[in-house]
Amino acid sequence: MPLVWIRPFEGRGRIALWEITEDLEDLQRAFRGSPADVAAYATIHHPQKQREFLASRILIQTLIESVGETYHGIRKDSYDKPFLENTDSHFSLSHSLRFAAVVWHPAARVGLDIEPVSEKLSVVARKFLSENEWNHADHRLERLAVYWTAKEALYKLYGEKKLSLKGISPSSPSPTKPNVFTAGFVRLSKAFDTRCR
Numbered sequence: 024m025p026l027v028w029i030r031p032f033e034g035r036g037r038i039a040l041w042e043i044t045e046d047l048e049d050l051q052r053a054f055r056g057s058p059a060d061v062a063a064y065a066t067i068h069h070p071q072k073q074r075e076f077l078a079s080r081i082l083i084q085t086l087i088e089s090v091g092e093t094y095h096g097i098r099k100d101s102y103d104k105p106f107l108e109n110t111d112s113h114f115s116l117s118h119s120l121r122f123a124a125v126v127w128h129p130a131a132r133v134g135l136d137i138e139p140v141s142e143k144l145s146v147v148a149r150k151f152l153s154e155n156e157w158n159h160a161d162h163r164l165e166r167l168a169v170y171w172t173a174k175e176a177l178y179k180l181y182g183e184k185k186l187s188l189k190g191i192s193p194s195s196p197s198p199t200k201p202n203v204f205t206a207g208f209v210r211l212s213k214a215f216d217t218r219c220r
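According to the numbering used here, the sequence shown holds residues 24 to 220 in order.
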């Protein structure tokens, strides 16, 4: 089982990382999904996407069990945001090729995203970056990946659709850690912002 780590997050929360090294058959054997999980898996046909799905579900199960809760499966709300069945806790998961990650908190809404650093980010950057963010990123792929994942995490945290990634603003990067954001906001209209930490 290639669980890389489970770490504390914001008090009683947890964050976990899994390196997907197993083949599809090993993941299928380890998968103990709910009926909703099994139904969701049945709609996925690409083997790599199947591996990512299974690894992420095994990871959330592992994390939930590590905090003494029982995993009952994942469903989606009217906005298509995933939620854990039979609990008021919150989670967000992400997977991308070699890794799956999940963040969980018993009370606070959370958002998480992982993305490999790749040229495709420079192709779509103008679609998700404001002018200031574009200038700060300075065509550096690592910075583009940081902006992308920060915006995606805030999008997932907010949980409602019809948001433009340009309208999601991670905080200004730390002067000592230029590729780290710790807060941000979602601009819903000129009169209302949702602030996230």
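Glycine included, every Cβ here is placed at the ideal spot set by N, Cα and C.
Close beta carbons around residue i, own chain, < 7 Å, minus the five adjacent residues each side
i	result
Glu53	Looking at the sequence shown, residue 53 is not Glu but Ala. Cβ within range, chain order: Ile81.
Arg55	Gln84
Leu167	Leu144, Ser145, Ala148 and Ala160
Val231	Coverage of the chain is limited to positions 24 through 220, which leaves residue 231 absent and any answer about it impossible.
Thr110	Glu92
Glu42	Pro25, Val27, Arg121 and Phe122
Thr44	Pro25
Glu33	His128 and Ala131
Cβ shell of residue i (< 8 Å), same chain only, five flanking positions each side left out
i	result
Trp157	Ala148 and Arg149
Trp28	Ala39 and Leu40
Pro70	Leu47
Gly96	Gly56, Ser57, Pro58, Ala59, Asp60, Leu107 and Glu108
Lys189	Lys150, Phe151, Leu152 and Ser153
Endpoints, alpha helix (DSSP H) assigned at residue i
i	result
Glu19	Outside the displayed span of the chain (24 to 220) sits residue 19, for which this structure offers no information.
His159	Glu154 to Ala160
Val140	Segment: none, Val140 is in no alpha helix (DSSP H) and carries neither H nor E.
Asp46	Per DSSP, Asp46 belongs to no alpha helix (DSSP H) and is neither H nor E.
Same chain, Cβ closer than 6 Å to residue i, neighbours up to 5 away in sequence not counted
i	result
Ser117	Ala124, Leu135, Asp136 and Ile137
Leu77	Leu50 and Phe54
Pro129	Arg35 and Ser112
Separation of residue j from residue i, as counted between CA atoms
i	j	result
Lys104	Val133	12 Å
Arg30	Ser187	31 Å
Gln73	Asp100	22 Å
Ala131	His68	34 Å
Leu152	Ser119	21 Å
Tyr64	Leu26	21 Å
Val90	Trp171	30 Å
Glu183	Pro193	17 Å
Glu75	Lys185	26 Å
Glu142	Asn155	20 Å
N-terminal and C-terminal residue of the beta strand (DSSP E) that residue i is part of
i	result
Phe122	Phe122 to His128
His113	His113 to Ser119
Backbone secondary structure at residue i - three-state DSSP
i	result
Leu135	coil
Cys219	Note on Cys219: pLDDT 46, under 50, position unreliable in the model; the coordinate value appears next. Here Cys219 sits in strand by DSSP.
Ile191	strand
Lys185	coil
Val90	coil
Residue(s) in a DSSP beta bridge with residue i
i	result
Pro105	Lys99
Phe32	Gly36
Leu26	Trp41
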